[in-house]
Amino acid sequence: MHELFQLSQHLIRTHNRPYERNFLQKKPFNSRFSILLGERGVGKSTAIIQYIMHYCKNSPTPEKVLFVQADHFLVNKFSLYEIADKFHSNGGELICFDEIHKYPEWSSELKSLYDTFPSLKLIASGSSALEILKGSHDLSRRVIINRLRGLSFREYLEMSLNMQFDTVSLSDILNKHTEIASAVINKLEADKRRVIQLFRKYLVNGYYPYFHEFEDVENFKTVVEQGIQAAIESDLPSVHPSLTGASVHKIKKLLSYLASAVPFTPDMRKLKTLMDIGDERTLKNYLSYMHDAGVISLVPAAGKGMGTIGKNGKIYLANPNQYHAINRTINNEGSIRETFFVSMLYNSHKIAIPVEGDFLVDEKFVFEIGGKSKDFSQIKNIENSFLALDDMESGYGNKIPIWLFGFLS
């Protein structure tokens, strides 16, 4: 087991990064037992390791903290209980299990750790496909669940330019967007940067924190595409063992079809027949699995629950980088704009498809998305209606530059 403790120290040293996400400022790991969910590549491991560094005041010792990759071959020699028991007996305080969904019977073992070692602080991370709240071992009464998404446009600017920008609220954007945009534009121009040019780069390869590791954008796209494939071929079957090879093939075929038609308003009967899926319930399950894995976003019609899909709802890819990675030869600007807008609001606001306009946010504000020449003709008689426009550095009145919604987090 000594090798595991050495591996932990190595991972903490090598996976720590200087840029710290806004996510950590929300103190997501204050409870005794936390699980961090998120799709592949969004920085879950980094966030946990940065928390470890804060917890240990930048001096992590093997006696105090342990970071375990649940899918590492060394872990196969022991149960999670055996690892925690040894660690706890040596005075351990904080144990973190990365990629926990790849470990068999993870739910029951985490429950045992929580109940047996009351002085031990637990953190686990895994694919967003983890159905924690539905777990048969009733982890939901014990665990605080946090969800990490990819970089916002603001975080991308901070990380790539080594600058600092304040987050803003939706209320700030709606009421003070001209002032806020001007401050950002002036700061960038002082460094000889233009916000629209940077926004274009972000849409292609700025959502995932590993963007800076690739000089060639095509290589970045390939890694994003491989992450999506791995989520479907590896993560989903590990969470849903009933998925067969044929089922996985149909999910991949379904994703390929949806990606070419984003945003997609589903006709379940037609889609079921087209994909050769036996029944509508199975089709809805496949969509739910892809949503939970962070591959797609399901935006319901107004009045329906988030994360569900039905008549008049729409399906989007989860972020614009996925769109560019999957659709190498297609560049539908309208789809990319809407995908960006959804990805920036999906985690913190209620977003739905209204009868008029593109999106209804928080059951109050109607948004139409478009280029800078877009007008209010489609939403002219709707109260609290706004245009979120591309190719515009600064707006006026109820016309807001769409890039500014990337400063919500």
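Sequential numbering from 25 applies to the sequence shown in this note's numbering.
Glycine residues also receive a C-beta, built at the ideal position from the N, C-alpha and C atoms.
Keep in mind the model is a prediction, meaning the values are calculated, not measured.
Would DSSP call G394 helix, strand or coil?
Stepping through the sequence shown from its first residue, residue 394 is reached at position 370. Reduced to three states, the DSSP call for G394 is strand.
What separation, rounded to the nearest whole angstrom, lies between the Cα atoms of K423 and N336?
To locate residue 423, count along the sequence shown from 1; it is residue 399. To locate residue 336, count along the sequence shown from 1; it is residue 312. Answer to the nearest angstrom: the Cα atoms are 26 Å apart.
Let's test the definition: count the other Cβ atoms within 10 Å of the Cβ of T363 and tell me whether it reaches 16, buried, or not, exposed.
Sequence index remark: in the sequence shown, residue 363 carries index 339 (1-based). Classification for T363: buried.
Using alpha carbons as the reference points, say which of P128, F91, G395 lies closest to W427.
If you number the sequence shown from 1, residue 427 lands on position 403. Closest by alpha carbon: G395.
Simplified DSSP state of I377, which is helix, strand or coil:
Here residue 377 refers to the residue found at position 353 when the sequence shown is read from its first residue. If DSSP states are grouped into helix, strand and coil, I377 belongs with the strands.
Counting only the same chain and skipping the five closest in sequence on each side, list residues whose C-beta sits under 6 Å from that of F389.
Position 365 of the sequence shown, counting from 1, holds the residue named residue 389. Here the set comprises N408.
Integer Cβ distance of A94 from F141, believed to fall under 8 Å:
Here the question's residue 94 lines up with position 70 in the sequence shown. Here the question's residue 141 lines up with position 117 in the sequence shown. Not really, about 17 Å apart at Cβ, beyond 8 Å.
Taking buried to mean at least 16 other C-beta atoms within 10 Å of its own C-beta, is E392 buried or exposed?
Position 368 of the sequence shown, counted from the first residue, corresponds to residue 392. So E392 counts as buried.
Verify whether the separation of the beta carbon atoms of S151 and H125 is less than 7 Å.
Taking the sequence shown and counting its residues from 1, the one referred to as residue 151 is at position 127. Taking the sequence shown and counting its residues from 1, the one referred to as residue 125 is at position 101. A contact, by the Cβ cut-off of 7 Å.
Around the Cβ of H315, are there at least 16 other Cβ atoms within 10 angstroms (buried) or fewer (exposed)?
In the sequence shown, the residue the question calls residue 315 occupies position 291. By the neighbour-count rule (16 or more Cβ atoms within 10 Å), H315 is buried.
Might you give, ordered along the chain, the residues of its own chain that have their beta carbon closer than 8 Å to the beta carbon of L98, omitting 5 neighbours on each side?
Here residue 98 refers to the residue found at position 74 when the sequence shown is read from its first residue. E27, L28, L31, listed in sequence order.
Using DSSP with H/G/I as helix, E/B as strand and the rest coil, what is R217?
In the sequence shown, counting from the first residue as 1, residue 217 sits at position 193. Residue state, collapsed to three classes: coil.
How many angstroms separate the CA atom of V286 from the CA atom of S372?
As a first step, residue 286 must be located in the sequence shown, where it is residue number 262. As a first step, residue 372 must be located in the sequence shown, where it is residue number 348. Taking the straight line joining both Cα atoms gives about 22 Å.
Using a Cβ distance threshold of 8 Å, determine whether the segment 319–327 contacts the segment 229–241, with at least three qualifying pairs required.
no
Along the alpha helix (DSSP H) that carries F410, what are the first and last residues, could you check?
On the sequence shown, residue 410 is found 386 positions in, with the first residue counted as 1. It is not in any alpha helix (DSSP H) - F410 instead sits in the beta strand (DSSP E) that spans 409–413.
For Y234 and E213, what's the separation of their Cα atoms in angstroms?
Here residue 234 refers to the residue found at position 210 when the sequence shown is read from its first residue. Here residue 213 refers to the residue found at position 189 when the sequence shown is read from its first residue. Near 26 Å, if we compare the C-alpha coordinates of E213 and Y234.
Express the C-alpha separation of I339 and R165 in angstroms, rounding to a whole number.
In the sequence shown, the residue the question calls residue 165 occupies position 141. In the sequence shown, the residue the question calls residue 339 occupies position 315. R165 and I339: Cα-Cα distance of roughly 32 Å.
Alpha-carbon spacing of H145 relative to N343, whole angstroms
Residue mapping note: residue 145 aligns to position 121 of the sequence shown, counting from 1. Residue mapping note: residue 343 aligns to position 319 of the sequence shown, counting from 1. The sequence given here has Lys at residue 145, not His. If I take the Cα positions, the gap works out to 33 Å.
Taking the alpha-carbon positions, what's the I220 to P86 distance?
Residue 220 sits at position 196 when you count from the first residue of the sequence shown. Residue 86 sits at position 62 when you count from the first residue of the sequence shown. Roughly 46 Å separates the two Cα atoms.
Would you identify the three-state DSSP class for R171, choosing helix, strand or coil?
Counting from one through the sequence shown, the residue named residue 171 turns up at place 147. Three-state result, R171: strand.
Quick one: Cα of F288 to Cα of L282, how far?
Walking along the sequence shown from the start, residue 288 turns up at place 264. Walking along the sequence shown from the start, residue 282 turns up at place 258. So the two alpha carbons sit approximately 6 Å from each other.
Among the candidates M292, T246, A317, whose CA atom is the shortest distance from the CA of H264?
Counting from 1 along the sequence shown, the entry for residue 264 is found at position 240. If we check each option's Cα against that of H264, A317 comes out closest.
Counting pairs of Cβ atoms below 8 Å between the segment 234–254 and the segment 47–66, do you hit three or more?
yes
Can you name, in chain order, every residue of its own chain whose Cβ lies under 8 Å from the Cβ of R171, other than the five neighbours on each side?
Walking along the sequence shown from the start, residue 171 turns up at place 147. Once the five neighbours on either side are set aside, the close Cβ partners of R171 are L60, L61, G62, S152, N371.
Span of the beta strand (DSSP E) around V66
If you number the sequence shown from 1, residue 66 lands on position 42. Here V66 belongs to no beta strand (DSSP E), and DSSP marks it neither H nor E.
So for S131, helix, strand or coil by DSSP?
Here residue 131 refers to the residue found at position 107 of the sequence shown. In this structure, S131 counts as helix in the three-state DSSP scheme.
Could you tell me which of L278, N309, S284 sits nearest to L295, measuring between CA atoms?
Here residue 295 refers to the residue found at position 271 of the sequence shown. Nearest of L278, N309, S284 to L295, Cα basis: L278.
Cα separation between D303 and T297?
Within the sequence shown, numbered from 1, the residue matching residue 303 stands at position 279. Within the sequence shown, numbered from 1, the residue matching residue 297 stands at position 273. Between D303 and T297, the C-alpha separation is close to 9 Å.
Are I72 and I147 touching if we call contact CB-CB under 7 Å?
Start at 1 with the first residue of the sequence shown, and residue 72 comes out as number 48. Start at 1 with the first residue of the sequence shown, and residue 147 comes out as number 123. In contact: I72 and I147 (Cβ atoms closer than 7 Å).
Cross-strand partners of V89 (DSSP beta bridge):
On the sequence shown, residue 89 is found 65 positions in, with the first residue counted as 1. Paired residue(s): L118.
Relative to the C-alpha of G430, which candidate in G174, K50, K51 has its C-alpha closest?
The residue labelled residue 430 in the question sits at position 406 within the sequence shown. Closest by alpha carbon: G174.
Spatial neighbours of F53 within its chain, please: CB distance less than 7 Å, with the 5 preceding and 5 following residues excluded, ordered by chain position.
Residue numbering aside, residue 53 sits at position 29 when the sequence shown is read from its first letter. So the list reads Y75, I147, once near-sequence residues are dropped.
Run the CB neighbour count on L157, radius 10 Å, all protein chains shown included, and call it buried at 16 or more, exposed below.
Counting from 1 along the sequence shown, the entry for residue 157 is found at position 133. Here the model assigns L157 a pLDDT of 48, short of 50, so the residue's position is not dependable, and the following value carries that caveat. L157 is exposed by the Cβ-count criterion.
Nearest-angstrom Cα distance between Y79 and L48?
Translated into positions along the sequence shown, residue 79 becomes position 55. Translated into positions along the sequence shown, residue 48 becomes position 24. Each residue's Cα considered, the two are about 12 Å apart.
Would the beta-carbon of F111 fall within 7 Å of that of L90?
Position 87 of the sequence shown holds residue 111. Position 66 of the sequence shown holds residue 90. Yes; because the gap between Cβ atoms is below 7 Å, this pair is in contact.
Using DSSP with H/G/I as helix, E/B as strand and the rest coil, what is L60?
Counted from its first residue, the sequence shown places residue 60 at position 36. L60: strand per DSSP, three-state reduction.
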